[in-house]
């Protein structure tokens, strides 16, 4: 029997829907999961994806991708490439695996939620393929990382990270919970496929893939570029959903997109920012994190806003200012609190690197140079103990990251600002006006105790740094340390910016 | 070393109470958990906050330090209790010659 051509049946099949006779529609599609809100129920029949794919086509395409990705891996595994990789670069891979491998699995569950509760059969079909994508990403990420576990226990955090309370993972979990699990599926489609996967995964998977190739990590580049081809397809679920929501409830659409973009940009400041501007060896950096953000995120995002008739977010000025400061402070924090992470952060502040940083970020030396000078000087004098933490940083009640955003006051002085909020006889602290505003509006679904609050409430015992490390799941064999055992300090310090040579 | 000390109890107690504060020192890049006592003077608070920062991320200077709470300078001889600094509040410490 000959098969019908796709165009002869897919339109009809895409409209297949059930009329329930033994249960109410509300019982099958409860509002708290489906989130149709002001969008009339029948309007969802008009949901239509731009790029169509059948299951047979999906299997054929994915099979080719798998064969390609795993054959490259097999070839690289037989080589000595992995043994020659820069230690700072390896931190990129460890950070990436820990922060994303099981987040991919969470995304599979999020796709399943859309496959079950999406109010259009076309949407539900696409979400099924999206779920299969995310399962593939989880399996690939775990498998690729597993190769290195025998040599380096930090790679085991590809599996372990999300099962711990490490502060960086709590921050990531906070974002992914907010995007994938606490919202209904309409808001989920706007937060995950539309905002996170259309924009930000480009940054982590495509831009970082270019850095990986330049750094010689063929395997990692192979992995993340293969994953991104799936993201580009299933991210389509956002567009048609946004179109319908904007038409019937533009205020809600604007809020969900704005919120998702802000939360994503905060996490990527610690995920991609240090990777691109500090961990990638200087010789292999093609663009700065800010340049990547401008090209891959801002341009694309502004185009998307215009295309759908959305306004520029109310916080746009803060976001632009943040591109010059957020990730530098977060990198400093990760390096100073290095025993609390599962990778080996490289400081990235040798003389040549500081010249590069200053050329990309005109305020870098003014804001962060003096701090690194003191750190470098302590290392040169053999006082490494003064470059290690004895207390905890205060954490933002929304993004869960250290409160470390510098801004310029009216008197021209730069300093970190704390944004507090008293509510129900309790004082909450935030890294920014925007985090405070989002928390206030959506506090019922985004109220997550920070690691510091758990520490103060007595959940962490003993209540000292050692107790905090144990509580976070950090064992001595994985606790982070400087990637180069401080060798860079010989060429860093106060005169660093004035000289342009690297001696690392 | 314990970071928290004894738990905060009744504010009217005459015994020193541990007060965890959210502290920033001058041009440091991050705010920190620092535990002070209700009986600490602002000079004590300055020292406790500076101990986490000065010589570690901020270069030491021959200058007095001051405490600012709710954007107001707090007299150096005032105690934490007198200044009304309660747990979880933000406090800024800085050199005063700027």
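Protein chains in written order, with my numbering: chain A, 737 to 1240; chain B, 3 to 100. Quick reminder that beta carbons are idealized off the backbone N, C-alpha and C, glycines included. Note that the structure is a prediction, hence the values are computed from the model and not measured.
Closer than 9 Å at the beta carbon, the chain A residues around residue i
i: residue 29 of chain B; result: 1103, 1106, 1107, 1142, 1149, 1150, 1151 and 1152
Under 9 Å from the C-beta of residue i: neighbouring residues of chain B
i: residue 1146 of chain A; result: The contacting residues do not exist; residue 1146 of chain A stays about 13 Å from chain B at best.
i: residue 1069 of chain A; result: 31 and 32
Inter-residue CB distance, residue i and residue j (contact presumed, cutoff 8 Å)
i: residue 949 of chain A; j: residue 1008 of chain A; result: With a Cβ gap of about 16 Å, residue 949 of chain A and residue 1008 of chain A do not count as contacting.
i: residue 827 of chain A; j: residue 1015 of chain A; result: 5 Å
i: residue 824 of chain A; j: residue 1199 of chain A; result: With 8 Å as the limit, residue 824 of chain A and residue 1199 of chain A do not qualify as a contact, their Cβ atoms being about 33 Å apart.
i: residue 1078 of chain A; j: residue 830 of chain A; result: 6 Å
i: residue 1111 of chain A; j: residue 59 of chain B; result: 7 Å
i: residue 1073 of chain A; j: residue 1010 of chain A; result: The pair is not a contact, with the Cβ atoms about 13 Å apart (cut-off 8 Å).
i: residue 1117 of chain A; j: residue 1227 of chain A; result: That pair is no contact at about 16 Å.
i: residue 1131 of chain A; j: residue 1138 of chain A; result: 6 Å
i: residue 1154 of chain A; j: residue 54 of chain B; result: With a Cβ gap of about 16 Å, residue 1154 of chain A and residue 54 of chain B do not count as contacting.
i: residue 1135 of chain A; j: residue 796 of chain A; result: About 41 Å; that fails the 8 Å criterion.
i: residue 1075 of chain A; j: residue 897 of chain A; result: No, residue 1075 of chain A and residue 897 of chain A are not in contact; Cβ-Cβ is about 16 Å, not under 8 Å.
i: residue 922 of chain A; j: residue 772 of chain A; result: 7 Å
i: residue 926 of chain A; j: residue 996 of chain A; result: 6 Å
i: residue 1103 of chain A; j: residue 1032 of chain A; result: Incorrect: roughly 25 Å between the Cβ atoms, too far for contact.
Cα-Cα separation, residue i to residue j
i: residue 920 of chain A; j: residue 871 of chain A; result: 21 Å
i: residue 1206 of chain A; j: residue 986 of chain A; result: 46 Å
i: residue 1090 of chain A; j: residue 1029 of chain A; result: 20 Å
i: residue 891 of chain A; j: residue 29 of chain B; result: 36 Å
i: residue 757 of chain A; j: residue 783 of chain A; result: 24 Å
i: residue 865 of chain A; j: residue 970 of chain A; result: 7 Å
i: residue 934 of chain A; j: residue 68 of chain B; result: 49 Å
i: residue 1054 of chain A; j: residue 1092 of chain A; result: 24 Å
i: residue 37 of chain B; j: residue 20 of chain B; result: 6 Å
i: residue 45 of chain B; j: residue 97 of chain B; result: 12 Å
i: residue 805 of chain A; j: residue 798 of chain A; result: 10 Å
i: residue 1180 of chain A; j: residue 99 of chain B; result: 45 Å
i: residue 1167 of chain A; j: residue 51 of chain B; result: 20 Å
i: residue 953 of chain A; j: residue 841 of chain A; result: 24 Å
i: residue 714 of chain A; j: residue 849 of chain A; result: A question about residue 714 of chain A goes unanswered here, because the residues of chain A that appear run from 737 up to 1240.
i: residue 70 of chain B; j: residue 80 of chain B; result: 12 Å
i: residue 1238 of chain A; j: residue 1204 of chain A; result: Model confidence at residue 1238 of chain A stands at a pLDDT of 37, short of 50, so the residue's coordinates are unreliable; what they give is reported in the following sentence. Taking the straight line from one Cα to the other gives about 37 Å.
i: residue 1045 of chain A; j: residue 999 of chain A; result: 21 Å
i: residue 1174 of chain A; j: residue 901 of chain A; result: 23 Å
i: residue 774 of chain A; j: residue 768 of chain A; result: 13 Å
i: residue 886 of chain A; j: residue 1061 of chain A; result: 37 Å
i: residue 800 of chain A; j: residue 947 of chain A; result: 25 Å
Where residue i falls, given that 16 or more other Cβ within 10 Å makes a residue buried
i: residue 1119 of chain A; result: exposed
i: residue 90 of chain B; result: buried
i: residue 1193 of chain A; result: exposed
i: residue 1186 of chain A; result: buried
i: residue 1042 of chain A; result: exposed
i: residue 1197 of chain A; result: exposed
i: residue 87 of chain B; result: buried
i: residue 740 of chain A; result: exposed
i: residue 1081 of chain A; result: buried
i: residue 1141 of chain A; result: buried
i: residue 1177 of chain A; result: exposed
i: residue 1144 of chain A; result: exposed
i: residue 874 of chain A; result: buried
i: residue 924 of chain A; result: buried
Closer than 9 Å at the beta carbon, the chain C residues around residue i
i: residue 1163 of chain A; result: Of the chains in the structure shown, none is chain C; the protein chains are A and B.
For residue i: DSSP bridge partner residues
i: residue 1163 of chain A; result: A:1158
i: residue 24 of chain B; result: B:35 and B:92
i: residue 820 of chain A; result: Bridge partners of residue 820 of chain A: none, in fact.
i: residue 951 of chain A; result: In DSSP, residue 951 of chain A forms no bridge with anything.
i: residue 1111 of chain A; result: Its beta-bridge partners do not exist; DSSP assigns none.
i: residue 1142 of chain A; result: A:1152
i: residue 68 of chain B; result: B:96
i: residue 81 of chain B; result: B:43
i: residue 1121 of chain A; result: Looking at the DSSP assignment, residue 1121 of chain A forms no beta bridge with any residue, so it has no partner.
i: residue 74 of chain B; result: B:71
i: residue 1174 of chain A; result: According to DSSP, residue 1174 of chain A bridges with nothing at all.
i: residue 1131 of chain A; result: A:1138
i: residue 56 of chain B; result: B:60
Proximal chain A residues relative to residue i, where beta-carbon distance stays under 7 Å
i: residue 35 of chain B; result: 1127, 1128, 1130 and 1188
Beta-carbon neighbours of residue i, restricted to chain B and to distances below 7 Å
i: residue 1138 of chain A; result: 32
i: residue 1156 of chain A; result: 92
Amino acids of chain B, ordered along the chain, whose beta-carbon sits closer than 8 Å to that of residue i
i: residue 1122 of chain A; result: 57 and 58
i: residue 1110 of chain A; result: 57, 58, 59, 60 and 61
i: residue 915 of chain A; result: In chain order: nothing, as chain B lies at least about 26 Å away.
i: residue 1065 of chain A; result: 31 and 32
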